[in-house]
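In my numbering, the protein residues as written are 17 to 330.
This is how it looks when you write it as structure tokens:
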């Protein structure tokens with residue numbers, strides 16, 4: 017690799033350190049501070065002229081502050097004459113606001129794409145978008161890697177004897193089918209309904225056999241955990257012996273961790289695309305790092321090599 021610099025926004029330092037350790041590179045020096053009037057100030061503390069620059073940001077709350085930190089950092093890099101500016105977003109902000117599904121509402125996921133481009137980014141690397149079509153919101157390259165390989169390998173090595181993969185709804189059935197094919201086990205589908213902006217969904221029936229089986233629920237993200245816990249309860253009522261859940265993005269907002277602790281879920285497996293606060297760490301939650309996959313993507317982009325199989329398994 018050559019002419020490469022990797023910087024972190026304030027809440028992404030752990031993730032960025034993992035990337036830099038994998039690549040055997042020092043983390044770039046950058047300063048973030050707040051003025052007394054609550055305005056954010058960013059200064060790049062080393063030269064980036066004509067360099068291949070990567071800036072990593074999380075969506076740890078408050079999300080809107082994370083967005084401003086990122087945009088101001090991009091502008092600072094652009095004005096410092098960076099050759100290329102790649103934004104690394106393990107979890108894409110506002111990804112669930114990806115379509116106009118109600119009257120008089122925004123498509124905020126597209127707005128984010130346009131703002132990031134306007135700030136000066138030349139490329140984006142992200143992971144397991146809520147809707148893959150979000151990639152098309154950008155007029156710059158947007159690479160989408162996947163945690164699917166990490167999650168399916170984790171359960172492969174657990175060597176559960178009587179598995180069934182469970183799709184949480186019809187929309188996730190295609191991805192669940194891929195997991196079930198890899199794990200060589202049956203597939204079941206939960207039929208559920210969601211009303212408007214309600215974070216909770218009600219499971220109404222189950223299609224497939226789960227009695228006496230170890231059920232694994234795969235999803236792209238878990239926010240308040242209402243839907244995943246409702247799914248777990250209906251699986252328990254239909255005779256599943258053990259219930260596991262896995263997702264790429266463990267948002268775990270509100271009282272999600274407490275609900276998971278008190279649920280029938282034996283283990284929840286997530287990646288570190290969203291930082292897990294210390295107070296949210298419980299024995300039931302297993303975190304797998306996806307930082308090496310981002311690091312490998314950065315390496316290949318810098319060296320002009322194809323990303324190929326590491327982008328997405330879908």
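Note that CB positions come from ideal geometry on N, CA and C, so glycine has one too. Here the structure is a predicted model, which means the values were calculated and not measured.
Exercise. Exposed or buried, which one is residue 79 when buried takes at least 16 other CB atoms within 10 Å?
Worked result: Looking up residue 79 in the chain shown gives position 63. Burial call: exposed.
Exercise. Going straight from the alpha carbon of residue 193 to that of residue 203, what length do you get?
Worked result: Numbered from 1 along the chain shown, position 177 holds the residue referred to as residue 193. Numbered from 1 along the chain shown, position 187 holds the residue referred to as residue 203. Taking the CA atoms as reference points, residue 193 sits about 7 Å from residue 203.
For this session: Give the C-beta separation of residue 232 and residue 260 to the nearest angstrom, bearing in mind that I take them to be a contact with Cβ-Cβ under 8 Å.
Result: Here residue 232 is taken as the residue at index 216 of the chain shown, counted from 1. Here residue 260 is taken as the residue at index 244 of the chain shown, counted from 1. The C-beta distance from residue 232 to residue 260 rounds to 5 Å, short enough to meet the 8 Å contact threshold.
Problem set entry | Proximity below 8 Å, CB of residue 113 to CB of residue 143 | Reading the chain shown from its first residue, position 97 is the one you call residue 113. Reading the chain shown from its first residue, position 127 is the one you call residue 143. Cβ distance not < 8 Å, so residue 113 and residue 143 don't count as in contact.
Exercise. From 243, 93, 152 and 39, pick the residue whose C-alpha is nearest to that of residue 115; which is it?
Worked result: Start at 1 with the first residue of the chain shown, and residue 115 comes out as number 99. Closest by C-alpha distance to residue 115, out of 243, 93, 152 and 39, is 152.
Exercise. Nearest-angstrom Cα distance between residue 412 and residue 17?
Worked result: The shown model of the chain, from 17 to 330, leaves out residue 412, and the question about it has no answer.
Exercise. Measuring CB to CB, does residue 118 end up less than 8 Å from residue 291?
Worked result: For the purposes of this step, residue 118 is taken as residue 102 along the chain shown, with counting starting at 1. For the purposes of this step, residue 291 is taken as residue 275 along the chain shown, with counting starting at 1. Result no, Cβ atoms of residue 118 and residue 291 do not sit closer than 8 Å.
Exercise. Got a sec? Which residues, its chain only, sit under 6 Å from residue 23 by beta carbon, not counting five neighbours each side?
Worked result: The sequence position of residue 23 within the chain shown is 7, counting from 1. Counting only Cβ-Cβ distances below 6 Å, and skipping sequence neighbours, we find 44, 46 and 71.
Exercise. What number of angstroms, rounded off, separates the C-alpha of residue 273 from the C-alpha of residue 258?
Worked result: Indexing the chain shown from 1 puts residue 273 at position 257. Indexing the chain shown from 1 puts residue 258 at position 242. Separation of residue 273 and residue 258 (C-alpha to C-alpha, rounded to the nearest whole angstrom) is 19 Å.
Exercise. Where do the N-terminal and C-terminal ends of the alpha helix (DSSP H) with residue 29 fall, by residue?
Worked result: By one-based count along the chain shown, residue 29 stands at place 13. It spans 29-39 - the alpha helix (DSSP H) in which residue 29 sits, taken as one unbroken run.
Problem set entry | Coil, strand or helix - residue 254 by DSSP | To locate residue 254, count along the chain shown from 1; it is residue 238. In the structure shown, residue 254 falls within a coil segment according to DSSP collapsed to helix, strand and coil.
Exercise. Applying the criterion that 16 or more other CB atoms from any shown protein chain within 10 Å of the CB defines a buried residue, is residue 191 buried or exposed?
Worked result: The residue labelled residue 191 in the question sits at position 175 within the chain shown. Burial state of residue 191 is buried, judged by a 10 Å Cβ sphere holding 16 or more other Cβ atoms.
For this session: To the nearest angstrom, report how far apart residue 149 and residue 284 are at their CA atoms.
Result: As a first step, residue 149 must be located in the chain shown, where it is residue number 133. As a first step, residue 284 must be located in the chain shown, where it is residue number 268. Approximately 27 Å, taken between the alpha carbons.
Problem set entry | Cβ neighbour criterion (16 or more within 10 Å) applied to residue 87 | Mapped onto the chain shown, residue 87 falls at position 71. With a 10 Å radius around the Cβ and a threshold of 16 neighbouring Cβ atoms, residue 87 comes out buried.
Problem set entry | Stretch pair the segment 166-180 + the segment 311-326: three plus CB contacts closer than 8 Å | The segment 166-180, when compared against the segment 311-326, does not touch it at the 8 Å Cβ threshold.
Problem set entry | Within the segment 61-142, ranges of the alpha helix (DSSP H) (whole runs, at least 4 residues) | Listed in chain order, the complete alpha helix (DSSP H) runs (minimum 4 residues) inside the segment 61-142 are 79-95 and 124-135.
Exercise. Exposed or buried, residue 109, counting other C-beta atoms within 10 Å across all chains shown (16 or more means buried)?
Worked result: Here residue 109 refers to the residue found at position 93 when the chain shown is read from its first residue. Burial call: buried.
Problem set entry | Residue range of the unbroken alpha helix (DSSP H) whose run includes residue 192 | Looking up residue 192 in the chain shown gives position 176. In this chain, the alpha helix (DSSP H) harbouring residue 192 covers 189-199.
Exercise. Just to confirm, are residue 239 and residue 267 a CB contact at a threshold of 8 Å?
Worked result: On the chain shown, residue 239 is found 223 positions in, with the first residue counted as 1. On the chain shown, residue 267 is found 251 positions in, with the first residue counted as 1. For the 8 Å CB-CB criterion, residue 239 and residue 267 form a contact.
Problem set entry | Whole-angstrom distance between residue 167 and residue 135, CA atom to CA atom | Numbered from its first residue, the chain shown carries residue 135 at position 119. Numbered from its first residue, the chain shown carries residue 167 at position 151. Straight-line Cα distance between these residues: approximately 34 Å.
Exercise. Any idea what DSSP makes of residue 169, helix, strand or coil?
Worked result: One-based indexing of the chain shown puts residue 169 at position 153. Judged by DSSP in its simplified three-state form, residue 169 adopts helix.
Problem set entry | Chain-order list of residues whose beta-carbon lies under 8 Å from that of residue 305 (same chain, five-residue window excluded) | Residue mapping note: residue 305 aligns to position 289 of the chain shown, counting from 1. Result list for residue 305: 34, 287 and 288, in chain order.
Exercise. Residue 179 bridges to which residues according to DSSP?
Worked result: Indexing the chain shown from 1 puts residue 179 at position 163. Its beta-bridge partners are 230.
Exercise. Of the choices 26, 159, 97 and 92, whose alpha-carbon is the least far from that of residue 309?
Worked result: For the purposes of this step, residue 309 is identified with residue 293 of the chain shown, where counting begins at 1. Nearest of 26, 159, 97 and 92 to residue 309, Cα basis: 159.
Problem set entry | CA-to-CA distance, residue 107 to residue 95, given in whole angstroms | As a working note, residue 95 is residue 79 in the chain shown. As a working note, residue 107 is residue 91 in the chain shown. When only Cα atoms are considered, residue 95 and residue 107 end up about 26 Å apart.
For this session: Would you kindly work out how many angstroms separate the C-alpha atoms of residue 178 and residue 201, rounded to a whole number?
Result: Residue mapping note: residue 178 aligns to position 162 of the chain shown, counting from 1. Residue mapping note: residue 201 aligns to position 185 of the chain shown, counting from 1. C-alpha separation (whole angstroms): 8 Å.
Exercise. Does the Cβ of residue 127 have 16 or more other Cβ atoms within 10 Å, making it buried, or fewer, making it exposed?
Worked result: Mapped onto the chain shown, residue 127 falls at position 111. Exposed.
Exercise. Does the separation of the CB atoms of residue 224 and residue 205 fall below 8 Å?
Worked result: Along the chain shown, read from residue 1 onward, the residue named residue 224 stands at position 208. Along the chain shown, read from residue 1 onward, the residue named residue 205 stands at position 189. Yes, the pair counts as a contact, with Cβ atoms nearer than the cut-off.
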